[in-house]
DNA sequence: TCAAATAGTTAGATTAGTATAAAATTTTTA
DNA sequence: TAAAAATTTTATACTAATCTAACTATTTGA
């Protein structure tokens, strides 16, 4: 009956709910608005599932939703969505561009890890990646020999 | 009623079930055997939860369990448990020893990420860590300046 | 050696997240 | 502009994983 629950620490959401926020942000960037149907399609779930989730997110101030209308992010929702997207980005780049994990796998894994890793860790991964690019793997040759070493 | 389910691809388990295997392996290493009660304590769940999980794992050949007796890993179960432990280890060391994330957080995050990341990625993280230790961050000074850079 | 304490099991309830079926609303279009 | 199509909502059911309560089996120790 009660489907979603507020979590400790406050402003922290389940992986599932974070995915809804992330998807809404993505859709709004792509097409200016997000409808239940689009969210369902993007997440590969059915619209009643989206409805339930949106209801909870609205009640807890992450989104605004008028019946039968568009879904929009509040400031709180937008902030959280951006955070998750940022984590995804950093993890994807680390896996794909530095470790040469293929795009599909890198994306899948980033999609899951983004809900388990904290901002501190992910920021440090970003910094490490930057450092290595800048000072250790400057040219094509270095990068290729890294790829080689990682795959041997 | 039906509590756990076989997953695609075969031999792949939910995070929860992987944790049971991992815990059994850990207990067997520590005290030669694993009982329902120990597993429950280690995972912070109640014994009926362990019972349900063990029943499923036994039916699917990951563990052996005679009623009221000890729980043991099959070859399949041991293999999977070691794999998860290995992932945990690599992730923990990467976060704590290279990125200087504090032990508690590093452990927590490793505990979650270990179920989301594939062997390929985790092996590459291990290799990267090794490479950096060996060739780029050799002495105490290098390590400290890395710490500094990551935390600034 | 048998009563208490401990451990394991079974049955049934609960929760988060999802799905199906059908009703309500909105949009499209003939 | 009214009927058809599409979308959203509601009600209900299911699944994975957990829990509580009550029961059964095993171990311990007076």
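Chains as they are written, first to last, in the working numbering: chain U, 15 to 166; chain V, 15 to 166. Virtual Cβ for every residue (Gly too), placed ideally from N, Cα, C.
Task: Which residues DSSP lists as bridging residue 85 of chain U, in chain order - done: DSSP, once it has assigned bridges, lists U/48, U/79 as partnering residue 85 of chain U.
TODO: Can you grab the Cα-Cα spacing for the pair residue 37 of chain U / residue 46 of chain V, in whole Å?
DONE: Distance between the alpha carbons of residue 37 of chain U and residue 46 of chain V is about 48 Å.
Open item on the list: Less than 7 Å between the C-beta atoms of residue 115 of chain U and residue 61 of chain V, yes or no?
Closed with: No.
Task: Cβ of residue 126 of chain U within 7 Å of any chain V Cβ - done: Yes, contact with chain V.
Open item on the list: What does the alpha-carbon distance come out to for the pair residue 103 of chain U and residue 124 of chain U?
Closed with: About 8 Å.
- [ ] Would you mind sorting residue 156 of chain V into buried or exposed? The rule is 16 or more other CB atoms within 10 Å of its CB.
- [x] Using a 10 angstroms sphere on the CB of residue 156 of chain V, the tally of other CB atoms stays under 16, which defines it as exposed.
Open item on the list: Let me see if you follow: with CB-CB separation under 7 Å, is residue 109 of chain V close to chain U or not?
Closed with: Yes - at least one Cβ of chain U is within 7 Å of the one on residue 109 of chain V.
- [ ] Spell out whether any CB of chain V is found under 7 Å from the CB atom of residue 104 of chain U.
- [x] Chain V, which has no Cβ nearer than 7 Å to the Cβ of residue 104 of chain U, makes this no.
TODO: Take residue 112 of chain U and list the residues in its own chain whose beta-carbon comes closer than 6 Å to its own, dropping the five residues that flank it on each side.
DONE: Answer for residue 112 of chain U: 143, listed in chain order.
Open item on the list: Between residue 123 of chain U and chain V, is any beta-carbon pair separated by less than 7 Å?
Closed with: Chain V, which has a Cβ nearer than 7 Å to the Cβ of residue 123 of chain U, makes this yes.
Task: Nearest-angstrom Cα separation, counted from residue 154 of chain U out to residue 21 of chain U - done: Taking the CA atoms as reference points, residue 21 of chain U sits about 46 Å from residue 154 of chain U.
TODO: Quick one: grab the DSSP three-state call for residue 165 of chain U.
DONE: In the structure shown, residue 165 of chain U sits in a helix (DSSP, three-state: H, G or I).
TODO: Entirely within the stretch 82-137 of chain V and at least 3 residues each: give me those beta strand (DSSP E) ranges in chain order.
DONE: With a minimum length of 3 residues, the continuous beta strand (DSSP E) runs that stay inside the stretch 82-137 of chain V are 85-87.
Task: Within chain U, partners of residue 159 of chain V - CB distance below 9 Å - done: Correct list: empty, because the minimum Cβ distance to chain U is about 11 Å.
Task: Residue-chain proximity (residue 15 of chain V, chain U), Cβ-Cβ < 7 Å - done: Unreliable placement is indicated for residue 15 of chain V, whose pLDDT of 46 sits below 50; no coordinate value is reported for it.
Open item on the list: Quick check: the Cα distance between residue 84 of chain V and residue 95 of chain V, rounded to an integer number of angstroms?
Closed with: The C-alpha of residue 84 of chain V lies about 17 Å from the C-alpha of residue 95 of chain V.
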